[in-house]
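For what it's worth, the UniProt record's numbering labels the leading residue of the sequence shown as 1, then goes sequentially. Just so you know, even glycine gets a beta-carbon here, dropped at the ideal spot from N, CA and C.
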Amino acid sequence: MVDLTEEERAAITATMKRVALLMDEIGWATPLGELTEAQVRALIEEAVEGFREAMSYIARAQTPEVPF
């Protein structure tokens, strides 16, 4: 098990919301084994991009602005 930072946990939570929206489109009752390659790819891309965006937002929020 990986020890996640507080920031990573927050990013995962934000990512879950994005993935859930995509699952709404696919259909929650669809078994994973029945997803098309395109649907699996879309889920992975949404998860990766969502995590990257959330981590970037968190980093910007924690970085003090340079006063000049």
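Problem set entry | Segment contact, 8 Å Cβ cut-off, at least three pairs: the segment 10-29 with the segment 44-63 | With the rule of 3 Cβ pairs closer than 8 Å, the segment 10-29 counts as touching the segment 44-63.
Problem set entry | Sequence-distant residues of the same chain with beta carbon closer than 8 Å to Leu35, five excluded per side | Position 35 of the sequence shown, counted from the first residue, corresponds to residue 35. For Leu35, where only same-chain residues beyond five positions count, the Cβ hits under 8 Å are Ile26, Leu43.
Exercise. Under the three-state reduction of DSSP, which class applies to Leu35: helix, strand or coil?
Worked result: What you label residue 35 is simply residue 35 of the sequence shown in a count that begins at 1. DSSP places Leu35 in coil when its eight states are reduced to three.
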